[in-house]
Every structure is written in structure tokens, then in C-alpha cells.
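Undergrad: Each step along the sequence shown adds one to the number in our numbering, with nothing skipped, and position 6 is 142.
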Amino acid sequence: MKNQFVAETLYMVADLLDLKGDLFFKTRAYRMAAQTIEALDDDIEKIVRQGTLESISGIGEALAKKITELVQTGKLEYLERLKKEVPPGLIDLLSIPGLGPKKVAALYKNLGISTIQALRDAAGNGKLRSLEGFGEITERNILRGIQLLEKTSGRVLLN
137 MKNQFVAETL YMVADLLDLK GDLFFKTRAY RMAAQTIEAL DDDIEKIVRQ GTLESISGIG
197 EALAKKITEL VQTGKLEYLE RLKKEVPPGL IDLLSIPGLG PKKVAALYKN LGISTIQALR
257 DAAGNGKLRS LEGFGEITER NILRGIQLLE KTSGRVLLN
């Protein structure tokens with residue numbers, strides 16, 4: 137298992153925690169652990185086998201258990217639980233370049249947007265401007281991000 141896979145999984149956990157409005161320190165811990173693992177010279181599997189995860193700065197007992205589970209099974213039950221707690225369309229919205237968990241949460245909470253198509257429609261109709269931190273430039277950037285996502289995935293998103 138590659139360090140990048142573990143890091144990406146931890147970033148996804150942090151994003152989902154942000155979407156849920158979880159405590160900042162918790163999401164930050166997952167992001168910092170992901171950054172640390174990305175920067176490691178050693179292979180994460182080797183570190184898990186040696187039982188030395190907790191010696192890495194920022195990785196405590198709880199994170200070490202989750203990382204060990206991920207390395208040993210290729211899955212993280214905690215991530216699967218979080219995915220079930222968040223509307224599925226919100227996870228899709230996170231794949232739009234330039235759109236992070238805080239903006240996705242604001243779109244869902246304030247405008248009920250939970251699909252890429254609903255976001256495209258709202259941005260195209262100028263509805264996002266009613267939200268704090270969203271303006272005409274943000275709408276254009278979101279529309280560009282959706283187009284970029286469609287180009288890179290090679291298909292038009294219908295959801």
C-alpha cells in the first residue's frame with residue numbers, strides 16, 4: 137500500500153468531518169496526519185509492521201489504530217460510516233476543483249444543493265451570490281470547475 141493512498145483516505149475523512157461540521161481540531165488532526173504520511177521517506181506498511189506509528193509526530197493512539205486498519209485491510213470502517221452520514225451528492229461536489237468542504241456544506245445548508253447538476257443550475261442562475269463568501273467570480277469558477285471535472289472524467293455529469 138502506498139503512502140499516497142493512506143494520505144488520500146485521511147484527507148477524505150477530514151473533508152467528511154468538515155461537511156458534518158465536526159470539531160476543527162479533529163479535522164485538522166486528520167489533515168496533518170495525511171500531510172505527514174505524504175512526506176514520509178519510509179513506506180507506511182513498514183512503519184505499521186514495526187509498530188512505530190505513534191512515534192510519528194501528530195499520530196496518536198486513535199489515528200494509529202485507524203491507519204493500521206487501513207494498511208492491513210485496505211479499508212477504513214470509520215470512513216465508510218462517515219460516508220453514510222453525509223448525503224452522497226455532497227461527496228461528489230468535493231470532486232469539483234476549487235470547491236472545498238466548507239463551501240459544499242454552506243451550499244447544502246443554505247440552498248439545499250446536493251448534486252452537481254443542482255450546483256450548475258444555481259451557479260448559472262446567479263443564486264450562489266446570496267451566500268456569504270460567494271460572488272460572481274466564485275460562480276464562474278465553480279462552473280469552470282464543473283467543466284474541468286467533466287473533461288477530465290471524459291463524460292458529462294448528469295446527477
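Beta carbons: idealized from backbone N, C-alpha and C, even for Gly. Note that the structure is predicted; figures quoted are calculated from it, not measured.
1. On the premise that Leu226 lies in contact with Ile203, defined as a C-beta separation below 8 Å, what is that separation, rounded to the nearest angstrom?
2. Flag this pair as yes or no: are the beta carbons of Leu279 and Ala242 separated by less than 8 Å?
3. Suppose the cutoff is 6 Å on Cβ atoms and the five residues either side in sequence are ignored; what does the same chain contact list for Leu176 look like?
4. My understanding is that Ile195 touches Ala170, with C-beta atoms under 8 Å, so please give their C-beta distance in whole angstroms.
5. Look at the Cβ atom of Met148, then the Cβ atom of Leu235, and state whether they are nearer than 8 Å.
6. Just tell me which of Lys211, Tyr166, Phe270, Ala143 has its CA closest to the CA of Glu197.
7. Classify Asn295: buried if its beta carbon has 16 or more other beta carbons within 10 angstroms, exposed otherwise.
TA: Taking the geometry as given:
1. 25 Å between Cβ atoms; not a contact.
2. no
3. The beta carbon of Leu176 sits closer than 6 Å to the beta carbons of Asn139 from its chain, once the five residues preceding and following it are set aside; these are given in chain order.
4. That pair is no contact at about 11 Å.
5. no
6. Tyr166
7. Reliability fails at Asn295, whose pLDDT of 48 lies under 50, so the model's placement of it is uncertain and no value is given.
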